[in-house]
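Colleague:
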Amino acid sequence: MKDADTHTTVIGGGPAGLTAAYELLKLAPGCAPLVLEASGQVGGIARTEVYKGYRFDIGGHRFFTKVDEVNALWDEILTDDFLMRPRSSRIFYRNKFYDYPLRVGNALKNIGVLEAARIALSYARWKALPHRTEENFEQWVVNRFGRRLYEHFFKSYTEKVWGIPCTEIRADWAAQRIKNLSLRKAIVNALTGQNDTSSLITQFKYPRLGPGMMWERCRDIIRDGGGEVRMNTAASRILRDGSRVTGVETASADGSGATVTCDHLVSTMPLSSLVRRMDPPAPDAVLEAANRLKYRDFLIVTLILDHPDPFSDNWIYVHSPDVKVGRIQNFRSWSEAMVPDPNRSSIGMEYFCHEGDGLWASENEELIAQATDELDRLGLAPRSSVIDGTVIRQPKAYPVYDEHYRTAVGCIAEWTTTIANLYPVGRNGMHRYNNQDHSMLTAMLAARNILGDEHDLWNVNVERSYHEDFVTDRKNATRA
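Right under this line is the structure:
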């Protein structure tokens with residue numbers, strides 16, 4: 291193990307960045323890591339925003355994991371402030387609500403016996419004669435569910451989320467997000483009530499005051515342990531000497547700047563930004579790879595209604611192409627403490643977009659009016675019940691898995707591994723659509739590498755932890 295006074299700088303105060311600093315302090319008290327956070331709030335996309343006492347989540351964050359170390363860390367940080375919540379979600383499609391996870395009676399009632407039979411025949415056909423290759427999302431899903439079910443329940447929603455055809459989304463994303471679910475398993479789960487598929491969990495932990503509560507507590511623990519979390523401070527330039535990072539130039543919101551020297555750098559900033567901020571510059575091929583990485587942005591319109599909850603779901607997936615909203619949250623169903631007035635409700639209308647497009651560039655008043663109209667058109671609450679609202683925009687919410695991403699990430703990853711003291715971690719830090727617990731796992735292993743371990747972070751197959759044993763030995767945290 292290296293000396294406890296080894297200085298580490300962490301770029302980003304989201305789940306991965308704070309976890310790296312927390313793990314360093316836990317394993318080497320006195321190491322005093324420095325976390326640089328560009329905004330005025332910790333948590334990244336897992337933060338909790340507050341508007342007039344109403345708390346809301348940026349995208350919805352269920353605390354569920356099969357990685358014991360991550361679960362233990364959550365409990366260490368938040369202790370007794372977790373709630374155990376039942377998962378309640380539905381799909382809105384063709385003016386009907388479908389229970390999700392699937393319930394056979396509800397599905398048959400909505401879709402009809404004849405169409406169910408067509409779905410079964412389509413499934414049989416594609417199991418007998420599947421696509422020979424699975425390069426894109428469409429091929430991957432059709433091989434497992436049949437084309438008819440794919441066109442009903444996957445195509446429209448996925449294209450709404452990503453803004454590109456399903457044939458341009460790589461199969462990697464489907465394999466990562468849908469995991470080991472199949473039509474056969476979904477039907478067995480619906481008939482028996484059993485469930486071994488993480489995307490169909492039936493209950494989860496949730497912080498009493500939203501996910502930001504976890505990261506605000508983590509920030510305080512880091513500070514109490516001798517670390518520093520410096521807010522409103524961006525990493526504007528990363529200085530290196532050959533194969534080592536030597537420091538970070540910072541830019542603060544007040545216009546001031548400074549240079550921070552470091553022995554190790556953990557980065558959660560978008561991988562493309564990390565490459566572009568290197569000084570001396572990265573090789574041309576690496577810069578070109580960074581330019582090929584794309585992101586999907588996101589905004590949420592939170593509406594305050596003058597009556598209690600119009601629905602009990604945590605969220606509703608909106609597949610209908612007639613409205614632009616992609617997902618709708620009811621924040622009281624996550625935690626009663628998120629809504630200060632029992633006679634009102636707080637509803638999050640989530641929109642997937644690209645920074646600078648029509649949605650993103652709309653005035654807040656226009657977005658609130660649009661969300662109000664769509665809530666009414668979906669039959670969830672009348673326009674007249676909306677009494678207030680606010681808008682939060684989140685750039686680079688989701689790394690895009692398009693036809694270029696794999697070779698681009700591979701090129702960048704190969705180059706970053708030549709820099710001995712640099713550790714990209716987390717969702718945007720590695721351009722992987724990780725869940726919160728997966729981002730934390732990469733950060734934990736990076737902290738251990740700083741202290742002497744030798745984990746290959748780019749080859750951590752985080753998804754396997756959901757359905758295989760995870761070996762948590764301190765020196766050999768690998769997959770069984």
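When we follow the working numbering, the leftmost residue of the sequence shown carries the number 291, and every step to the right adds one.
A virtual CB, placed ideally from N, CA and C, is assigned to each residue, including glycine.
Predicted model only: the values in this text are computed from it and were never measured.
Helix, strand or coil: which one does DSSP assign to G679?
Modeller: To locate residue 679, count along the sequence shown from 1; it is residue 389. Strand, per DSSP.
Colleague: If you measure between the beta carbons of T680 and R673, is that distance less than 7 Å?
Modeller: As a working mapping, residue 680 is identified with position 390 in the sequence shown. As a working mapping, residue 673 is identified with position 383 in the sequence shown. In this structure, T680 sits away from R673, with a CB-CB distance that is not shorter than 7 Å.
Colleague: List the endpoints of the continuous beta strand (DSSP E) containing I590.
Modeller: In the sequence shown, the residue the question calls residue 590 occupies position 300. I590 -> beta strand (DSSP E) spans 585-595.
Colleague: Going by beta carbon distance, what residues of the same chain come within less than 6 Å of R438, once the five residues before and after it are set aside?
Modeller: Position 148 of the sequence shown, counted from the start, is the residue given in the question as residue 438. So the qualifying residues of the chain are R408, I409, S412.
Colleague: Would a C-beta distance cut-off of 7 Å place L657 and A318 closer than the cut-off?
Modeller: Counting from 1 along the sequence shown, the entry for residue 657 is found at position 367. Counting from 1 along the sequence shown, the entry for residue 318 is found at position 28. It is not a contact, given that the beta carbons lie outside the stated cut-off.
Colleague: Would you kindly work out how many angstroms separate the C-alpha atoms of E664 and V615, rounded to a whole number?
Modeller: Numbered from 1 along the sequence shown, position 374 holds the residue referred to as residue 664. Numbered from 1 along the sequence shown, position 325 holds the residue referred to as residue 615. Spanning the two alpha carbons is a distance of roughly 7 Å.
Colleague: Specify whether the segment 394-405 and the segment 418-429 touch according to this definition: at least 3 beta carbon pairs, one from each stretch, less than 8 Å apart.
Modeller: Touching, no.
Colleague: Going straight from the alpha carbon of H351 to that of R717, what length do you get?
Modeller: By 1-based counting over the sequence shown, the position of residue 351 is 61. By 1-based counting over the sequence shown, the position of residue 717 is 427. Their Cα atoms are separated by approximately 14 Å.
Colleague: By DSSP's criteria, S542 is part of a beta bridge. Which residues make up the other side?
Modeller: As a working mapping, residue 542 is identified with position 252 in the sequence shown. DSSP lists T523 as partners of S542.
Colleague: From D347 to V432, what does the alpha carbon distance come to, in whole angstroms?
Modeller: Counted from its first residue, the sequence shown places residue 347 at position 57. Counted from its first residue, the sequence shown places residue 432 at position 142. Answer to the nearest angstrom: the Cα atoms are 33 Å apart.
Colleague: Does K614 come out as helix, strand or coil in the three-state DSSP assignment?
Modeller: One-based indexing of the sequence shown puts residue 614 at position 324. K614 falls in the coil class under three-state DSSP.
Colleague: When DSSP labels each residue in this structure, what does E366 get in the three-state scheme?
Modeller: Mapped onto the sequence shown, residue 366 falls at position 76. Correct three-state label for E366: helix.
Colleague: Look at the Cβ atom of L308, then the Cβ atom of W505, and state whether they are nearer than 7 Å.
Modeller: Looking up residue 308 in the sequence shown gives position 18. Looking up residue 505 in the sequence shown gives position 215. Against a cut-off of 7 Å, the Cβ pair of W505 and L308 comes out as a contact.
Colleague: Exposed or buried, what is E313 when buried is set at 16 or more other beta-carbons lying within 10 Å of its beta-carbon?
Modeller: Here the question's residue 313 lines up with position 23 in the sequence shown. The residue in question, E313, is buried, as its Cβ has 16 or more Cβ neighbours within 10 Å.
Colleague: With 16 as the cutoff for other CB atoms within 10 Å, does I677 come out buried or exposed?
Modeller: Along the sequence shown, one-based indexing puts residue 677 at 387. Exposed is the call here.
Colleague: Is the beta carbon of S526 closer than 7 Å to that of H597?
Modeller: For the purposes of this step, residue 597 is identified with residue 307 of the sequence shown, where counting begins at 1. For the purposes of this step, residue 526 is identified with residue 236 of the sequence shown, where counting begins at 1. No, Cβ-Cβ distance for H597 and S526 is not below 7 Å.
Colleague: Taking C-beta to C-beta, are I511 and A311 nearer than 7 Å?
Modeller: Within the sequence shown, residue 511 is the residue found at index 221, counting from 1. Within the sequence shown, residue 311 is the residue found at index 21, counting from 1. Not in contact: I511 and A311 (Cβ atoms no closer than 7 Å).
Colleague: Straight-line CA distance for A336 to N654?
Modeller: Within the sequence shown, residue 336 is the residue found at index 46, counting from 1. Within the sequence shown, residue 654 is the residue found at index 364, counting from 1. Approximately 22 Å, taken between the alpha carbons.
Colleague: Distance check for S625 and Y496, CA to CA, integer angstroms please.
Modeller: Reading the sequence shown from its first residue, position 206 is the one you call residue 496. Reading the sequence shown from its first residue, position 335 is the one you call residue 625. About 8 Å.
Colleague: How would you call S546, buried or exposed, if buried means at least 16 neighbouring beta carbons within 10 angstroms?
Modeller: Against the sequence shown, residue 546 aligns to sequence position 256. Answer is exposed; the Cβ neighbour count stays below 16.
Colleague: In the DSSP assignment, what are the bridge partners of R345?
Modeller: By one-based count along the sequence shown, residue 345 stands at place 55. DSSP lists V340 as partners of R345.
Colleague: Closest by CA to Y713, which one among V535, R520, R498?
Modeller: Taking the sequence shown and counting its residues from 1, the one referred to as residue 713 is at position 423. Cα-wise, what sits closest to Y713 is V535.
Colleague: Contact between the segment 360-370 and the segment 723-739: three or more CB pairs below 8 Å?
Modeller: yes
Colleague: Hey, would you say V519 sits closer than 7 Å to V699, going by beta carbons?
Modeller: Taking the sequence shown and counting its residues from 1, the one referred to as residue 519 is at position 229. Taking the sequence shown and counting its residues from 1, the one referred to as residue 699 is at position 409. Going by C-beta atoms, V519 is not nearer than 7 Å to V699.
Colleague: Which of the three DSSP states, helix, strand or coil, is assigned to T309?
Modeller: Here residue 309 corresponds to residue number 19 of the sequence shown, with the count starting at 1. Residue state, collapsed to three classes: helix.
Colleague: Could you tell me whether any Cβ in chain D is nearer than 7 Å to the Cβ of R438?
Modeller: Of the protein chains in the structure, only one exists, and it is not chain D.
Colleague: Which stretch, first to last residue, makes up the beta strand (DSSP E) that contains H554?
Modeller: Position 264 of the sequence shown, counting from 1, holds the residue named residue 554. For H554, the uninterrupted beta strand (DSSP E) run begins and ends at 554-557, by DSSP.
Colleague: By DSSP's criteria, K639 is part of a beta bridge. Which residues make up the other side?
Modeller: The count along the sequence shown starts at 1 and reaches residue 639 at position 349. Contrary to the premise, residue 639 reads as Met rather than Lys in this sequence. M639 pairs with V591, I618.
Colleague: Report, in whole angstroms, the separation of the C-beta atoms of W430 and V690, which I expect to be a contact under 8 Å.
Modeller: The residue labelled residue 430 in the question sits at position 140 within the sequence shown. The residue labelled residue 690 in the question sits at position 400 within the sequence shown. 16 Å between Cβ atoms; not a contact.
Colleague: In angstroms with no decimal places, state the Cα-to-Cα distance between V591 and L649.
Modeller: Here the question's residue 591 lines up with position 301 in the sequence shown. Here the question's residue 649 lines up with position 359 in the sequence shown. Spanning the two alpha carbons is a distance of roughly 11 Å.
Colleague: How is E441 classed by DSSP in three states: helix, strand or coil?
Modeller: Mapped onto the sequence shown, residue 441 falls at position 151. If DSSP states are grouped into helix, strand and coil, E441 belongs with the helices.
Colleague: I'd like the span of the alpha helix (DSSP H) that includes L670, first residue to last.
Modeller: Walking along the sequence shown from the start, residue 670 turns up at place 380. No alpha helix (DSSP H) contains L670, which DSSP labels as neither H nor E.
Colleague: For the beta strand (DSSP E) that Y713 lies in, which residues bound it at each end?
Modeller: Against the sequence shown, residue 713 aligns to sequence position 423. Counting along the chain, the beta strand (DSSP E) containing Y713 begins and ends at 712-714.
Colleague: What whole-angstrom Cβ distance do V629 and Y344 have, given they're in contact under 8 Å?
Modeller: Within the sequence shown, numbered from 1, the residue matching residue 629 stands at position 339. Within the sequence shown, numbered from 1, the residue matching residue 344 stands at position 54. Right, their Cβ atoms sit about 6 Å apart.
Colleague: Taking 6 Å as the limit between beta carbons, can you name the residues of its chain near T448, skipping five residues before and five after?
Modeller: To locate residue 448, count along the sequence shown from 1; it is residue 158. Excluding sequence neighbours, T448 sits near C456.
Colleague: How big is the Cα-Cα spacing for L561 and F353?
Modeller: If you number the sequence shown from 1, residue 561 lands on position 271. If you number the sequence shown from 1, residue 353 lands on position 63. Approximately 25 Å, taken between the alpha carbons.
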